Structures are given as C-alpha cells and as structure tokens.
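Working notes, beginning with the structure itself.
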Amino acid sequence: MKMFKRITIAALSTVAAVGFTFGSISSTKAASSNKIVVAGSTALLPVTQQAAKEFKRSNPKVSISVSGSSSVAGPQSVLRGSATIGAVDWDATKSVPGFSAFKGLKAHKIAVIPFATIVNKSNPVKNLTSSQLQGIFSGKITNWKQVGGKNATIVVVNRKFGSGTRVNYQMKALNGKSFMTKGNYKEVGKSGEMVTSVSTNPNAIGYVDLAYVKGNIKAVNFNGVAATTSNVINGKYKVWSYGYLVTKGNPTGANAKYIKYVQSSKFQNGSLKKLKFIPVSKMK
Amino acid sequence: MAKIEYELQEPKLLINKDKIVKEKVYVQNQLFKIFCLLSVLFLGFILLSIIVFIGKTGLLVFKDVSLKEFFFSTTWEPFEEKYGAASFILGTLELTGLTLLLAAPISITVAIFTAEIAPNWLKKILRPILDLLVGIPSIVYGYLGLTLLIPFIRKVTGTMMGDGLLAAAIVLTIMVLPTISRISDDAITAVSSELREASYALGATRMQTIFRVVIPHASSGVLTAIILGMARAIGETMAVVMVIGNTPQLATDLLTPTAVLTSNIVNQIIDVEFDSTWNYALYMMAFLLLILSNVLIFIIRKLRTKGV
C-alpha cells in the first residue's frame, strides 16, 4: 500500500515538475533575457569562454553556457533555436565556398583570428610557400625532403568539413585548392584534437588559430612571413579572418549586453589581446 | 445473554474487516498491474518511435542516391554529392571482427582464470577490478589511445601515422574485455560442481576438466558474452573516433587510417543541414547500425532459449 502510494506520488510529482519546467520555459521564452547559450566555432572558443567568465562576474544573475564544436554549428543551432548566439569564423550572412548564406541572421564582428600552419617542434622546416602548402594539402608533395625537411612521409591532418578554420585556411592559405581525401591523411573534429595530433606525430602538418599554438607544436612561416599578430596588423601575413557572433535578428536583453561586452574596448584591448587574437579596431 | 451477544458480534466484525482488506488489496494489485503495463507500453512506444523515426529519415536518402551507390561505392564526398558508404560498412565489420579476434581469447582466458583457477582471495580482488574497468568512460580510453597507443604503434611498426583499424581494435579490446570476461565468468561459475567432480572421479586432469567438461557446458553463456561484447564494439563511438583517423577510404592494411559508421556519424552529424541528403545518409548509416545490433540481440535470444 505504502509502496504503491509512494510510486503514485513520485509519478505525479515528476509529471508536475516536468509540466512546470516546460510551462515556465515556454512562458519565459518571449522574455528570454537571462539566458545566453553560445555554440559554434572552436577557434573562437577561447574568446567566448573568457568573455563569459568576465561577463558573469558583473552579471551574476544571467545564466550563460558556452560550447564549441565547429563553426557551421553556430548559425545552424541559432536557426534551430538551441543556441541564442552562434560563433562562426566567417560572415555567415554571406556565402563562402562550401556554405551558402544563412538567412535571417545578424552578424557581429568581434575579433580578428590569425591562423597558422603548424608542425611538430622537432620538424626542421621553417618556411612554406603558398604553392608548397597547396602541394602538401592536395597530396602532391608527400615527403618532407621535397620542401627542405628530413626524409620522411608527410602526414596531413585536416579539420573536418564544417570547420571555419578549414574554410578560411582553404580560402587564404591554399587559394581555394581542394584537400586530399585519401592516403596519409586524417581528419579531426576540433582545434584541440588538431593540436594533440600534430604534437604527438613528428611528421604531421596541420593548421590552427594562433591562440592554440603552444607546447610541442610550432607555427611555420607563410611565404617568408612569421605568423604573429603584428604581421597580421601591418598587412604582411594574409591568413586571418574576422570572427563573428551571429544572432537571430537583432539581439535583445542579456544577449545584446554580452555581445556589446565582447566588442567593448576594455575586452578587446585586454583579454582578447592576451589570447593572441587581434582587436577588430586594429584592422583597416 | 450479554455474553452471547458479544460473542455473536465479534466474528461478524472480523469477517467484514477481512473482506474490506481483501478488496483493498485486490484494487491495489489491479492498479499496480495497470501502472506496470502502462510503463511497459510507454517504453515500447518510445523504442518503436525511435526506430521508425531513424528508419524513415534514413530511407529518404534513396530519393537522391541509388541503393547501389550507397552500399557498394566507396566514394564518400558529400560536398560533391557522392554518398558511398561501403567503406564505412566494411570498416565497421572489419573492426568488429578484429576486436573479437583479439578480445575473445584473452577475455575467455581471464574468465577461466577467475572462475576455475584463481584462489578465493584473488577472485575477490579480480572481479571488482573487472567491474571497475567497465565503468571507465570511453572517451578516456580514446584519449589514452590517441596520446599513448598511437605513438607507440608508430614506433613499433615504423609507419607514418599509426591511426587505423589496429589502434581502434586494441582500444576496443580493452573496453569490451571486462564485459566478456565477467559474463563468461558467471556462466562458467554456474556449471554445477557435480560435473567437475564426476570428471575428476574419472581420472581427468584439471586442464581436461576445464576444456572438455566445463567450457562446453558453459558455451552458450560464453557465446552470449561474446555477442554482448560485439554489440558494444559495434556501437562504440567516442573512443574509436579519436584513433581511427576519420579518412573515408578502404583500409588496405591494419595501419591505414580509415573510418567506420559510428565515427563518421558522430563527426559530421552536428555540421550538416537538417533537410539535406547528407543528413539522410547519416541517418541511414545509423539505421544500419541499429539493424546490426538488433540482429545480434536476436541471436542472443535464440542462444538463451536453446542453452542452459
């Protein structure tokens, strides 16, 4: 008897709890001012995470969650409604090779992301030209000897389709040349996995945004120019892109405040710079 | 007189009380029965709708892609509208087979050891350790595979990458080993001691007893264990995706980077558009996995009814 009563009560309370939760969600959705969900680019993840940390300090009532999977997931989850802000490494309101424009979105420029070609620290190669990179990533150059390194097979590590880093690297470093898909080639999901793969394989080559270059990997010069923030600013280093936050229409409430905070000169010249990104205002 | 009245009243009341209690119990039982039935129906409905949803979404792929291309082409280039899943299907089967080839002998030996040979105090240590191994999240195995196993394979074999079927099979072997060995352990322990004693009485050695009497008797349980391990190996995603290489090509040897159904689905499902052929193709691959594991469960059922 007691057992049964308990079960009934438990079931009823579960139903009530679920009902109330969903009810409250649907009722607050219109207001949706205290909830920020950021999804998308892993290249921008250091920025969005740091900004969230600081934003929370001054706005403790706002609930904010930040995650990263790949750039295209940003605008897609905003359109689907599972995120309020999407982080993406290209202007998602315009079409880029491989992706058409996302309609109904508004893009907010928040950072300049420099991308770097990376190899293992033990690799003696210091400089690669654009045409050498095209050869390597399309599978025509297969040995490090051909570009001035040791006699060893090149292992190409690529980001999977949907990555904004991949889109930008292909556009700017490889001039749109397509990637190989077979042979000594592997694909990884996120920026962090790219770093792990290159740092554990002495013959690997990959690319990642400058914020991730540390530890057992090093950035290779591109056409004789070092991948540094100052070279991006003075226009010598070409492999970079703007990072964007996208929202469905104009942002409201906490979401607007968060984007404003990321764009504020305090954050741009402070934490953003420390993370090896470049403030938007520095580019002309 | 008063006494008689009193005696007459007492049994009447008792009967009434009894009846009420009985009725109450009956109602409760019925209600509980309905509650249980509803729960089961609810579960069945959810399961069925999952299967129907995945199947329905998956089958949409055949509007744009021919059956022949999907199942027999190895060219997976979704941005060029080429959806050949053959290399993933084959890769999944190869990986599962290789895993079993590595895992089954080792884990059955472990099971024989814990069930028959190890002294009691060692059994008490070994069994909880195996149970703990089951609880380690698969992503941890994957990360260890990526950072320790792959550089090790590269050093030993002298290949360039190390990613591929071998690395994935080794990681999966470590993952399914406790599952298979614990269940076979139970099956072997369940063999009645009369059989062993009879065997010893006939003059058989311990080795002969184990291999000629105990193992054949526990074989259906051991087979169930292997199939359960296989089901886990087929569905495993997080560990595999980190060590397989994710290159959509047929593996020519154990050290070629390749891809399997699970790793391909988990890698791409977030990034594809909702209503695209690509998305449907991934759902179809998920449906194939579902069918594969259901076939395995079906085989287990058959074995169970036949066996001990």
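Protein sequences, first through last, are from chains A and B. Heads up: the first sequence runs through residues 2 to 285, numbered per this note's numbering. Heads up: the second sequence runs through residues 103 to 410, numbered per this note's numbering. Ideal placement from N, C-alpha and C gives every residue a C-beta, glycine not left out. Model, not experiment: these values are computed from the prediction.
Taking Cβ-Cβ distances below 9 Å as the criterion, which residues of the region 87 to 101 of chain A are in contact with chain B? GLY99
Continuous beta strand (DSSP E) stretch holding A/PRO115: start and end: Residue 115 of chain A sits at position 114 when you count from the first residue of the first sequence. It spans 106 to 121 - the beta strand (DSSP E) in which A/PRO115 sits, taken as one unbroken run.
Can you tell me whether A/ILE137 is buried or exposed? The criterion is at least 16 other CB atoms within 10 Å of its CB, across all chains shown. Position 136 of the first sequence, counted from the first residue, corresponds to residue 137 of chain A. The residue in question, A/ILE137, is buried, as its Cβ has 16 or more Cβ neighbours within 10 Å.
When Cβ atoms are compared, which residues of the region 152 to 178 of chain A fall closer than 7 Å to chain B? THR154, VAL156, LYS161, PHE162 and GLY163
Are the beta-carbon atoms of A/THR49 and A/SER70 separated by less than 8 Å? In the first sequence, residue 49 of chain A corresponds to position 48, counting from 1. In the first sequence, residue 70 of chain A corresponds to position 69, counting from 1. No, they are not a contact pair.
Can you tell me whether B/TRP223 is buried or exposed, with buried defined as 16 or more other CB within 10 angstroms of its CB? Indexing the second sequence from 1 puts residue 223 of chain B at position 121. Its Cβ having fewer than 16 others within 10 Å, B/TRP223 is exposed.
Contact the region 203 to 222 of chain A vs the region 120 to 127 of chain A: 3+ CB pairs below 8 Å: yes
Backbone CA spacing between B/SER286 and B/MET277 [nearest angstrom]: Taking the first residue of the second sequence as position 1, residue 286 of chain B is located at position 184. Taking the first residue of the second sequence as position 1, residue 277 of chain B is located at position 175. Whole-angstrom Cα-Cα distance: 16 Å.
Which residues in the same chain as A/SER283 place their Cβ atom closer than 6 Å to its Cβ, once the five residues preceding and following it in sequence are excluded? In the first sequence, residue 283 of chain A corresponds to position 282, counting from 1. The residue asked about is misnamed: residue 283 of chain A is Lys in this sequence, not Ser. Taken in chain order, the residues that qualify are ILE234.
Count the other CB atoms, across all protein chains shown, that sit within 10 Å of the CB of B/ARG314; report buried if there are 16 or more and exposed otherwise. Within the second sequence, the letter at position 212 stands for residue 314 of chain B. Label assigned to B/ARG314: exposed.
Straight-line gap, A/ALA32 to B/VAL374 (C-alpha atoms, nearest Å): Residue 32 of chain A sits at position 31 when you count from the first residue of the first sequence. Residue 374 of chain B sits at position 272 when you count from the first residue of the second sequence. The predicted model places A/ALA32 with a pLDDT of 43, which falls under 50 and marks its position as unreliable; any figure quoted below should be read in that light. Taking the straight line from one Cα to the other gives about 30 Å.
What in chain B is Cβ-close to A/THR43, meaning under 9 Å? For the purposes of this step, residue 43 of chain A is identified with residue 42 of the first sequence, where counting begins at 1. Correct list: empty, because the minimum Cβ distance to chain B is about 12 Å.
Under DSSP, the alpha helix (DSSP H) around A/LYS275 begins and ends at which residues? By one-based count along the first sequence, residue 275 of chain A stands at place 274. Taken as a continuous stretch (DSSP letters only), the alpha helix (DSSP H) holding A/LYS275 covers 272 to 275.
Tell me which residues share the same chain as A/ILE142 and place their Cβ nearer than 6 Å to its Cβ, disregarding the 5 neighbours each side in the sequence. Walking along the first sequence from the start, residue 142 of chain A turns up at place 141. Cβ within range, chain order: GLY136.
Tell me which residues of the region 184 to 202 of chain A have at least one Cβ-Cβ distance to chain B shorter than 8 Å, keeping chain order. GLY184, ASN185, TYR186, LYS187, GLU188, VAL189, GLY190, GLU194, THR197, SER198, THR201 and ASN202
Closest to B/LEU200 by C-alpha separation, out of B/LEU234, B/GLY244, B/GLY186 and B/THR275, would be which residue? Residue mapping note: residue 200 of chain B aligns to position 98 of the second sequence, counting from 1. Comparing Cα positions, the closest option is B/THR275.
Is A/HIS109 near A/GLN269, with beta carbons less than 8 Å apart? Working through the first sequence from its first residue, we reach residue 109 of chain A at position 108. Working through the first sequence from its first residue, we reach residue 269 of chain A at position 268. Contact flag unset, no.
Using beta-carbon positions only, say whether A/ARG160 and A/VAL189 come within less than 8 Å of one another. Position 159 of the first sequence holds residue 160 of chain A. Position 188 of the first sequence holds residue 189 of chain A. Yes, Cβ-Cβ distance for A/ARG160 and A/VAL189 is below 8 Å.
Interface residues of chain A around B/GLY260 at Cβ under 9 Å? Position 158 of the second sequence, counted from the first residue, corresponds to residue 260 of chain B. Under the 9 Å cutoff, chain A gives no residues; its nearest Cβ is about 11 Å from B/GLY260.
Cβ-based burial, A/ASN251 [other Cβ within 10 Å; buried from 16]: Residue numbering aside, residue 251 of chain A sits at position 250 when the first sequence is read from its first letter. Exposed.
Grouping DSSP H, G and I as helix and E and B as strand, with all else coil, what is A/SER72? Within the first sequence, the letter at position 71 stands for residue 72 of chain A. Correct three-state label for A/SER72: coil.
Suppose you measure from the CA of A/SER25 to the CA of A/LYS36; what does that come to, to the nearest Å? Within the first sequence, residue 25 of chain A is the residue found at index 24, counting from 1. Within the first sequence, residue 36 of chain A is the residue found at index 35, counting from 1. Any reading at A/SER25 is ruled out, since the residue's pLDDT is 44, under 50, leaving its predicted position unreliable.
Using DSSP with H/G/I as helix, E/B as strand and the rest coil, what is A/LYS191? On the first sequence, position 190 is the one that residue 191 of chain A refers to. Coil, per DSSP.
Own chain residues within Cβ distance below 7 Å of A/VAL214, not counting five before or after: By 1-based counting over the first sequence, the position of residue 214 of chain A is 213. Once the five neighbours on either side are set aside, the close Cβ partners of A/VAL214 are ALA117, ILE119 and ALA220.
C-alpha gap between B/TYR245 and A/GLY99, whole angstroms: Numbered from 1 along the second sequence, position 143 holds the residue referred to as residue 245 of chain B. Numbered from 1 along the first sequence, position 98 holds the residue referred to as residue 99 of chain A. Using only the alpha carbons, I get a separation of about 31 Å.
Range covered by the alpha helix (DSSP H) that runs through B/LEU286: Here residue 286 of chain B corresponds to residue number 184 of the second sequence, with the count starting at 1. According to the sequence as given, residue 286 of chain B is Ser; it is not Leu. It spans 267 to 291 - the alpha helix (DSSP H) in which B/SER286 sits, taken as one unbroken run.
My understanding is that A/ILE279 touches A/PRO115, with C-beta atoms under 8 Å, so please give their C-beta distance in whole angstroms. Position 278 of the first sequence, counting from 1, holds the residue named residue 279 of chain A. Position 114 of the first sequence, counting from 1, holds the residue named residue 115 of chain A. That belief holds up - the Cβ atoms of A/ILE279 and A/PRO115 are roughly 7 Å apart, short of 8 Å.
Of the residues A/LYS285, A/SER64, A/TYR243 and A/ASN124, the one placed nearest A/LYS151, counting alpha carbons only: The residue labelled residue 151 of chain A in the question sits at position 150 within the first sequence. The option with the nearest alpha carbon to A/LYS151 is A/ASN124.
Going by DSSP, which residues form a beta bridge with A/ASP210? Residue mapping note: residue 210 of chain A aligns to position 209 of the first sequence, counting from 1. Partner(s): A/PHE116.
Over what stretch of residues does the beta strand (DSSP E) that includes B/PHE254 continue unbroken? The residue given as residue 254 of chain B occupies position 152 in the second sequence. Looking at the DSSP string, B/PHE254 is not in any beta strand (DSSP E); the run it does join, the alpha helix (DSSP H), is 252 to 259.
What is the DSSP secondary structure of A/ALA255, counted as helix, strand or coil? For this step, residue 255 of chain A is matched to residue 254 along the first sequence. In the structure shown, A/ALA255 sits in a helix (DSSP, three-state: H, G or I).
List the residues that DSSP assigns as beta-bridge partners of A/THR248. As a working note, residue 248 of chain A is residue 247 in the first sequence. Answer is A/LYS107, bridged to A/THR248.
Contact list for B/GLY347 against chain A, beta-carbon separation under 7 Å: On the second sequence, residue 347 of chain B is found 245 positions in, with the first residue counted as 1. Those are LYS187, listed as they occur along chain A.
C-beta neighbour in chain B for A/THR144, strict 8 Å: Taking the first sequence and counting its residues from 1, the one referred to as residue 144 of chain A is at position 143. One detail in the question is off: residue 144 of chain A reads as Asn in this sequence, not Thr. Chain B contact via Cβ: absent.
Residues in the region 58 to 86 of chain A having any Cβ partner in chain B nearer than 8 Å: SER70, SER71, VAL73, ALA74, GLN77 and ARG81
Using a C-beta cutoff of 8 Å, does B/PHE147 count as contacting chain A? Taking the second sequence and counting its residues from 1, the one referred to as residue 147 of chain B is at position 45. No - not a single Cβ of chain A is within 8 Å of the one on B/PHE147.
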